[in-house]
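Read the structure below first, then the notes.
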Amino acid sequence: MSTVQSSPHPILERVEAVAPQIAAAADEIEQTRELPRPLFEALADAGLFHLLTPRQLGGPELDFPTFVQALEVLARADASTAWCVSQNGIFGTHAVCVAPSVAREIWFAQPRSVVANTPLPTATAVAVEGGYLVTGRQPYSTGCRHANWIAARGFVLENGAPRLAEGGRPDMRFFLIPTEEVQILDTWHTRGLRGTGTHDFEIRDHFVPEHRSFYPFGPPRPEYGLLYQVPRSLMFAAGDAVVGLGLARNALDQFVSIAHKKTPTYRSDLVRDQQYVQVRLGEAEALLSAARAYLFEQVRLAWGAIQEQGVLPLVNRVGLRGATTFTLRKTADVVDTAYNLAGGTVVLESHPLQRLFQDVHVVTQHVQAREQHYELIGRYLLGLETDAQFV
């Protein structure tokens, strides 16, 4: 009997094509703490920073499950690169929050346009005629050195008091500023995810016109597609979790290569021939496969629910939060297993497994990886009120 093989999505073909270039640049990414310009241009020219921008504006508006698959390929090649594509790409969903003319100016006026942002509203914005004067030092701006726009974030002050948005919430906005108009501070000195270049930036009394600001918490505009029904917090969580999957798969591959060649000190057999190693490797493979299956299944179920109902029900939002938390925590365990089994071979920072070990333990420090998210899931299962911020 013959079976019909479906063709891979064209985006996945593009990702597979650029993956060898990413892997080849991994050392340079680590050393320079940013994406090398030729690699950034290759990624941008392949459209990888615009995967989630609206179709009506000229973007591909990639479906959620395919986006997750694409990130996994990137993460196996290099975690920092995948993190940049995830963070910058998911922020691109905010194109639905501004007028179409502004979205085209920001995301599409230049073929390699990228918007970096900050996750924390540490700026203040004083309302003035025609816009805002924005001031603040803003942390964690992934990919800011290759971005041409920076999205500052802060609360609006009007007549010296916090302004309220519709519904009575504080008016917290993003403010879109050309990168050359902000001061990027060289702050991203870490052991892991070094190549993301997640520096701080600073602005003082910088005028931002009204049309380049937006309130991100309103409902998605009805003219845009179903993709924008996925809460951004959960989309970021899924992106982070997929980086963990790629890291862990890479770590196991690195360990297998070591195990075939290394004879440990005070032993006469290869690492691969030790029963303890075989058992632990088998357990790690099972754990990684379980995490991947859990995450991909919840992504599939969420996307199916959105297509059927037009919104993402709470049960699916909780399911995604559970899968992303489990994947983020357990992929770190898989990397730890590979690292511990490899022994002293991998302690040098030049060894790829050392880099993976450092990378995954930066990933686990992200808000999306908090173990406290399990409490949210337990509360839901017990019929108790859940924290809407994370679902």
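When we follow the working numbering, the leftmost residue of the sequence shown carries the number 1452, and every step to the right adds one.
For every residue, glycine included, the Cβ atom is placed at its ideal position computed from N, Cα and C.
8 Å contact criterion, which residue i and residue j should meet: CB distance rounded
| i | j | result |
| --- | --- | --- |
| Leu-1605 | Leu-1486 | The residue asked about is misnamed: residue 1605 is Gly in this sequence, not Leu. About 27 Å separates the two Cβ atoms, so there is no contact after all. |
| Gly-1587 | Ile-1635 | Actually they do not touch by this definition, with Cβ atoms about 14 Å apart. |
| Phe-1559 | Gly-1509 | 5 Å |
| Val-1750 | Pro-1461 | About 20 Å; that fails the 8 Å criterion. |
| Val-1694 | Ala-1533 | 5 Å |
| Pro-1667 | Gly-1581 | Not confirmed; about 21 Å, so no contact. |
| Ala-1521 | Val-1466 | 5 Å |
| Ala-1576 | Ala-1528 | About 39 Å; that fails the 8 Å criterion. |
| Tyr-1583 | Val-1547 | The Cβ separation is near 21 Å, so there is no contact. |
| Pro-1572 | Met-1623 | 5 Å |
| Leu-1696 | Ala-1470 | Their Cβ separation, rounded to whole angstroms, is 15 Å, which puts Leu-1696 and Ala-1470 out of contact at 8 Å. |
Burial state of residue i (16 or more Cβ within 10 Å)
| i | result |
| --- | --- |
| Ala-1612 | exposed |
| Ala-1567 | buried |
| Leu-1499 | buried |
| Tyr-1505 | Before going further, note that residue 1505 is Pro rather than Tyr in the sequence given. Looking at its Cβ environment, which holds 16 or more other Cβ atoms inside 10 Å, Pro-1505 is buried. |
| His-1597 | buried |
| Glu-1481 | buried |
| Tyr-1717 | exposed |
| Gly-1761 | exposed |
| His-1640 | exposed |
| Leu-1839 | Reading off the sequence shown, one finds Ala at residue 1839, where the question assumed Leu. So Ala-1839 ends up on the exposed side. |
| Gly-1794 | exposed |
| Ala-1741 | exposed |
| Gln-1561 | exposed |
| Leu-1615 | exposed |
| Val-1681 | buried |
| Asn-1610 | exposed |
| Glu-1826 | exposed |
| Gln-1726 | exposed |
| Thr-1454 | Unreliable positioning characterises Thr-1454 in this predicted model, as indicated by a pLDDT of 47, which lies under 50. The coordinate reading is nonetheless provided below. Burial call: exposed. |
| Ser-1537 | buried |
| Leu-1832 | exposed |
| Gln-1729 | exposed |
| Glu-1512 | buried |
| Thr-1714 | exposed |
| Val-1798 | exposed |
| Asp-1720 | exposed |
| Asp-1514 | buried |
| Ala-1574 | buried |
| Val-1766 | exposed |
| Glu-1464 | exposed |
| Arg-1488 | exposed |
Residues of its chain near residue i, where Cβ-Cβ distance is below 6 Å and the 5 sequence neighbours each way are ignored
| i | result |
| --- | --- |
| Arg-1830 | Thr-1837 |
| Ala-1710 | Val-1722, Arg-1723 |
| Ala-1783 | Val-1811, Thr-1815 |
| Ser-1564 | Trp-1558, Asn-1599 |
| Ala-1477 | Asp-1529 |
| Lys-1781 | Leu-1738, Ala-1742 |
Close-in-space but distant-in-sequence residues of the same chain around residue i (CB under 8 Å, 5 per side omitted)
| i | result |
| --- | --- |
| Ile-1541 | Leu-1503, Arg-1683, Met-1686, Phe-1687, Gly-1690 |
| Thr-1630 | Ala-1567, Cys-1595, Ala-1598, Asn-1599, Trp-1600, Ile-1601 |
| Arg-1821 | Thr-1776 |
| Glu-1674 | Gln-1507 |
| Gln-1758 | Leu-1677 |
| Ile-1628 | Val-1585, Trp-1600, Ile-1601, Ala-1602, Ala-1603, Ile-1654, His-1657, Val-1659, Arg-1663 |
| Glu-1492 | Arg-1563 |
Cβ neighbours of residue i in the same chain (closer than 7 Å, five flanking residues each side left out)
| i | result |
| --- | --- |
| His-1817 | Asp-1691 |
| Phe-1652 | Gln-1589, Ser-1592, Cys-1595, Ile-1601, Val-1633, Gln-1634, Ile-1635, Leu-1636 |
| His-1662 | Ala-1550, Val-1553 |
| Pro-1570 | Tyr-1591 |
| Arg-1555 | Leu-1508 |
| Phe-1841 | Ser-1684, Arg-1772, His-1824, Leu-1827 |
| Arg-1642 | Gln-1809 |
| Cys-1535 | Leu-1486, Thr-1593, Gly-1594, Thr-1647 |
| Tyr-1679 | Thr-1544, Val-1547, Pro-1671 |
Quiz item: What residue ranges within the segment 1517-1587 form continuous beta strand (DSSP E) runs of no fewer than 3 residues, ordered along the chain?
Solution: 1566-1568, 1574-1579
Quiz item: On the three-pair Cβ rule with 8 Å, is the segment 1802-1817 touching the segment 1695-1709?
Solution: yes
Exercise. Check whether the segment 1745-1758 touches the segment 1766-1784, taking contact to mean three or more Cβ pairs, one atom from each stretch, closer than 8 Å.
Key: yes
Quiz item: Are at least three pairs of beta-carbons, each pair with one atom in the segment 1780-1790 and one in the segment 1723-1739, less than 8 Å apart?
Solution: yes
Practice problem: Jot down the residue ranges of each uninterrupted beta strand (DSSP E) in the segment 1585-1643, minimum 3 residues, whole runs only, in chain order. | Solution: 1600-1609, 1623-1629, 1634-1636
Quiz item: Enumerated in chain order, which unbroken segments of the alpha helix (DSSP H) with a length of 4 residues or greater are wholly contained in the segment 1632-1714?
Solution: 1683-1710
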